Amino acid sequence: MKIKWKLLWAIFVTFFKIGPVTFGGGYAMIPLIEREVVTKRNWIKAEDVADVFAVAESVPGAIAINSATFIGYRIAGPLGAVVAMFGILTPTFFIIIALSISYLYFSDNPKMIAAFEGIRPAIVALISFAAYKIGKMAITDKTTLVTAFVTVVLLLTLQIHPAVIILCGALAGILLVLTKKKLGHEVHLGE
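The sequence shown begins at 789 in this note's numbering and counts up by one.
This is the structure in structure tokens:
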């Protein structure tokens, strides 16, 4: 098996660029990751993005690292996963160290406080945009719309751990598909 160094370098650089410009963590990275790996590079299909983030969110760890690792694996196998992970981690690691040191010295500075006042709503907008984009891909019919609505209601009203919600969503999906098939409805599973 020949190692594709050019592709591995492109994966590293792509995730290296994404890491430092997305305040707010993994959810804020979703639009940038989608733009880079789907639109610019055509490494994965747009309809696969929702699956990537669903898997990345359902396993332990940070969604940014998980999604970068999963995408890297889909593009170039195990080596691609490692390269993508280091690409997303490297700049973030050094930025966090620099910001932590800076915050210790400048936490009471009015300009620093003002900067965070502007960053917070921008992060909310990025996360909302990511939810909208994933929702467009994930909500495909009335059943998935109802499932999403019930899930939101459960999260807002009950103190249920997100992992339980994810497992219940998986079970609900399996049961709904089986029920639809038994009733004779055509089921499209992204094939």
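Where is the CB? At the ideal position from N, CA and C, for every residue including glycine. Predicted, not measured: the structure shown is a model, and the values here were computed from it.
Check                                                                                                                                    : Outcome
Three-state secondary structure (DSSP) at leucine 971?                                                                                   : coil
Do you know how far the Cα of methionine 900 is from the Cα of lysine 792?                                                               : 44 Å
With DSSP as the reference, label tryptophan 797 as helix, strand or coil.                                                               : helix
If distances are taken between C-alpha atoms only, which option among Lys828, Phe841, Phe803 and Lys833 comes closest to isoleucine 915? : Phe841
Specify, as a first and last residue, the run of the alpha helix (DSSP H) that valine 912 falls within.                                  : 898-926
Based on Cα-Cα distance, which residue from Pro819, Asn830 and Cys956 lies nearest to arginine 862?                                      : Asn830
With DSSP collapsed to three states, give me the class of proline 848.                                                                   : coil
I need the boundaries of the alpha helix (DSSP H) containing threonine 939, first residue and last residue.                              : 930-945
Classify glutamate 979 as buried or exposed, calling it buried when 16 or more other Cβ atoms lie within 10 Å of its own Cβ.             : At glutamate 979 the pLDDT is 49, less than 50, meaning the model places this residue with poor confidence and gives no usable figure here.
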